[in-house]
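Visitor:
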Amino acid sequence: MIRIFLFLNLFLFLNANELNYNNSLRIESVPSPYYDFGVCGKEYNITEPDMYEIIMKGVQEYSSEENIAKIKTEVRKIVAKKAVFISNKKYCSNNYSTEWYNDYYKYPENIYNPFGRIIHKKGELALTPSIPNEKNLCFVDGKNKVNLKNQIAYFKKITNGNCIFSVSNSDVRNLWRDFPGTDFYPGSKKIFERFDIQCVPSILHMKGSKIQQEYFSIEQFKRGNL
Amino acid sequence: MKKIFFIIMVFFTIQLSADKVELKYPLTNVVETTQWPLIMKEFEITTKLGHCGTGMKYSLGLKAHMIEFVGYYERSDKPLNFIFVGASLDANPVKANTPYESNDNGDTPKTQVTNSHFIKLPLLGMIFKKKLAFWCLQTGVIEIPYLSEFDMTYKHDYMGMKMIPQMVSMFSPDTLISGVFDCAATETAAVLYGNTEADNMSYNEFEKYSNKNSAMDKASENNNSMSRTDKIKHGTRDIVNGIRNSIYYVDGCNGFSPVGGYQDGNDPIVEGHNDFHGISNILQGASLVTNNEVFKKQSNFSFLPPQGSNKAPSPVDTMCRPAKFAMPIPSQFGLQEVYPVIGKLKEMGQDGISTSTAKNVPGSEGVVFAVWERRDYFAFAYFCPN
């Protein structure tokens, strides 16, 4: 109701001032075909501060040293939070692997061609592009630090270092330092879902348009078992 | 003797030009680095009526257009180096030195991948919140929705293919040819938005530009000449924006939208633009990398009409509220360089051949752009996203 009232007010104002030229105007506009009826009564100076000045003052205050220090702290907190992927994914209890199978991708939204035709419907399945050489994506869990180091060492060994790591429950920045030259990324629930990963530790093998999941029992990575 | 004189002259010239450069981190000097007059320059309200909602939520509004500063996009060779505020988190440099994934022939490209961040910082909305409710500014707190250091698709393009295959499926000779039209449309849009003046400017020039009176005068001049020409201008702008957004897999004059973060390292400014196009795709929710879409469709445009038809199909209507749209929308965003030198707003994909290479500042830590986002909406009736 208030919106309708505001709108009516503005509409009446616009008509009263004959601003409706070419069906268009700008907020600070001065109409070109206007009538000067002179001044009647007492004139008052505008006491309200300029809007642009208010905006600039607020923005200036935001970049104060105190605020910048706060933002730096906030940035550190955000990065620390993003560097760790907290996951409750279950541990694998035995070693097994799936067959190689075609990797289909489900389109998240309608995809249009330049002429507006839908070329892929939302939910449609499509075979993913082919990868010439075999690649691996290793899923490791860092709830136990010793286990984690064993998982990384073992996966690097069996893939000849041809593996990028999706890490759960451990800060990847520490792993960058401890394992230089190896790529570690925080995992995500969506990656688990995308590749249908059932448990960790595991490896996703990718070749051509096919993929295969290989699972490893957590027991073999415990202290003294490897 | 002449040679010595020449060397001395070159030395002093370099020294003098170096003295002119003030490397201030953008957020520490946010008034001067950001092109604030844009908010006044691009704001438009018409008398065209529209309505949003039904029943008790029904409200009438006027068609309007605005642009607002929504955050920073930055690139740095050093990982976890947040240039926008001058915070380096001392990440292990080993991470930065890991070369880009080798290609299928086993050759390693000559350059290394850089690190990209998008920092969501809708400053005006954060500061003024409901005071400027008319504009319906985005609000919230500082967020970092994209950190390439934590995104495996950025450095390993095969992971990008697995997570965003729809962009890869558009790579073909036919689509490459359509890039020519996209480039022409982008350049035309830049002219129509008035973003074709000098790429960069000094602090003094910027102060002159950012003077509120000159901005107002400029707006006033525009209004006085509001005529049939302006109407044509607006119509043309809608058409070229339709072309740009239809050819979403091409970044204007910069070539295909990248899947992954590899760039050849020739021009950090142009490459920054191109890189942002790829990242905007991720932030629109086209990839499974991010959990939630950060950018939504909030601009009004139509796709190109199908062959044999005069009617252009319009994607989801967003005049009343923003909507998820999992493809890049180049016309909705503009990038303004704010570090190491201050530039003017450029359209996404504008100026493939740029003079920016010559203006890169030696010793700078990377490049930072202010990200500006446009919106078409029914003022007074729009359901503000916050």
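Quick mapping for you: the protein sequence lines, in order, are chains P and A. With my numbering applied, the first sequence corresponds to residues 16 to 241, in that order. With my numbering applied, the second sequence corresponds to residues 60 to 445, in that order. Each residue gets a CB set at the ideal place from its N, CA and C atoms; glycine is no exception. Predicted model, so just to flag it, every value in this text is computed and none were measured.
Ignore the nearest five residues each way along the sequence and tell me which others in A:Asp334's own chain have a CB closer than 7 Å to its CB.
Guide: So the list reads Arg134, Ser175, Pro317, Gly320 and Gln322, once near-sequence residues are dropped.
Visitor: Counting contacts by CB-CB distance shorter than 8 Å, is A:Ser358 in contact with chain P?
Guide: Closer than 8 Å: no.
Visitor: To the nearest angstrom, report how far apart P:Gln227 and P:Tyr119 are at their CA atoms.
Guide: About 13 Å.
Visitor: Any beta-carbon of chain P closer than 8 Å to the one on A:Val397?
Guide: It does not; no Cβ of chain P falls within 8 Å.
Visitor: Within the continuous alpha helix (DSSP H) that includes A:Lys118, where are the two ends?
Guide: As written in the sequence, residue 118 of chain A is Ser, which differs from the Lys given in the question. Where A:Ser118 is concerned, there is no enclosing alpha helix (DSSP H), although the beta strand (DSSP E) it sits in stretches over Ser118 to Ser135.
Visitor: Please state whether the Cβ-Cβ distance between A:Pro374 and A:Phe362 is less than 8 Å.
Guide: Yes; because the gap between Cβ atoms is below 8 Å, this pair is in contact.
Visitor: CB P:Ser183 to CB P:Lys104, shorter than 8 Å?
Guide: Result yes, Cβ atoms of P:Ser183 and P:Lys104 sit closer than 8 Å.
Visitor: For P:Glu234, which three-state DSSP category applies?
Guide: It is helical.
Visitor: Report the option in P:Ile133, P:Ser203, P:Arg188 and P:Cys153 whose CA atom is closest to the CA atom of P:Asn175.
Guide: Considering only alpha carbons, the answer is P:Cys153.
Visitor: Is P:Tyr119 near the ligand SAH, in the sense that its beta carbon is under 7 Å from a heavy atom of that ligand?
Guide: Because no ligand of any kind appears in the structure shown, any question about the ligand SAH cannot be addressed here.
Visitor: Quick check: the segment 203-210 of chain A against the segment 81-98 of chain P, are at least 3 beta-carbon pairs closer than 8 Å?
Guide: Contact between the segment 81-98 of chain P and the segment 203-210 of chain A is present, because at least three Cβ pairs lie under 8 Å.
Visitor: Who are the near neighbours of A:Pro85 in its chain, counting only those whose CB is closer than 6 Å to its CB and skipping five residues on each side?
Guide: If we look at A:Pro85 and ignore the five residues flanking it on each side, its Cβ neighbours are Thr92, Phe143, Val397, Tyr398 and Val427.
Visitor: List the residues of chain P that A:Phe141 touches, going by C-beta distances under 7 Å, in chain order.
Guide: Neighbours of A:Phe141 on chain P, chain order: Val90.
Visitor: Which term fits A:Val239, buried or exposed, when burial requires 16 or more other beta carbons within 10 angstroms of its beta carbon?
Guide: Under this definition A:Val239 is an exposed residue.
Visitor: Quick one: Cα of A:Met125 to Cα of A:Gln197, how far?
Guide: The straight-line gap from Cα to Cα measures roughly 12 Å.
Visitor: What do you reckon, are the CB atoms on P:Pro201 and P:Phe100 nearer than 8 Å?
Guide: Result yes, Cβ atoms of P:Pro201 and P:Phe100 sit closer than 8 Å.
Visitor: State buried or exposed for A:Phe193, treating a residue as buried only when at least 16 other CB atoms are found within 10 Å of its CB.
Guide: Its Cβ having fewer than 16 others within 10 Å, A:Phe193 is exposed.
Visitor: Identify each residue in the segment 176-191 of chain A for which the Cβ-Cβ distance to at least one residue of chain P is less than 9 Å, and report them in chain order.
Guide: So the close ones are Ile178, Leu180, Leu182, Leu183, Met185, Ile186, Phe187, Lys190 and Leu191.
Visitor: Using only the alpha-carbon positions, how far apart do A:Tyr217 and A:Met211 sit?
Guide: Their Cα atoms are separated by approximately 10 Å.
Visitor: In chain order, what residues of the same chain have a beta carbon less than 8 Å from the beta carbon of A:Ala123, not counting five sequence neighbours either side?
Guide: Contacts found: Phe102, Glu103, Ile104, Thr105, Asp435, Tyr436, Phe437 and Ala438.
Visitor: Strictly by DSSP, which residues pair up with A:Ile203?
Guide: According to DSSP, A:Ile203 bridges with nothing at all.
Visitor: Do the CB positions of A:Tyr307 and A:Thr234 come within less than 8 Å of each other?
Guide: Contact: no.
Visitor: Is any beta-carbon of chain A found at less than 8 Å from that of P:Val99?
Guide: Cβ-Cβ to chain A under 8 Å: no for P:Val99.
Visitor: Any Cβ of chain P within less than 8 Å of the Cβ of A:Leu404?
Guide: With 8 Å as the cut-off, A:Leu404 does not count as an interface residue toward chain P.
Visitor: Please determine, among A:Ala249, A:His293, A:Ile186 and A:Lys137, the residue with the shortest C-alpha to C-alpha distance to A:Leu394.
Guide: Selected option, being the one with the closest Cα: A:Ala249.
Visitor: Tell me the DSSP secondary structure of A:Met378 in three-state form.
Guide: It is coil, neither helix nor strand.
Visitor: What is the C-beta distance between A:Val90 and A:Val430, in whole angstroms, given that I count them as a contact (C-beta under 8 Å)?
Guide: Their Cβ separation, rounded to whole angstroms, is 17 Å, which puts A:Val90 and A:Val430 out of contact at 8 Å.
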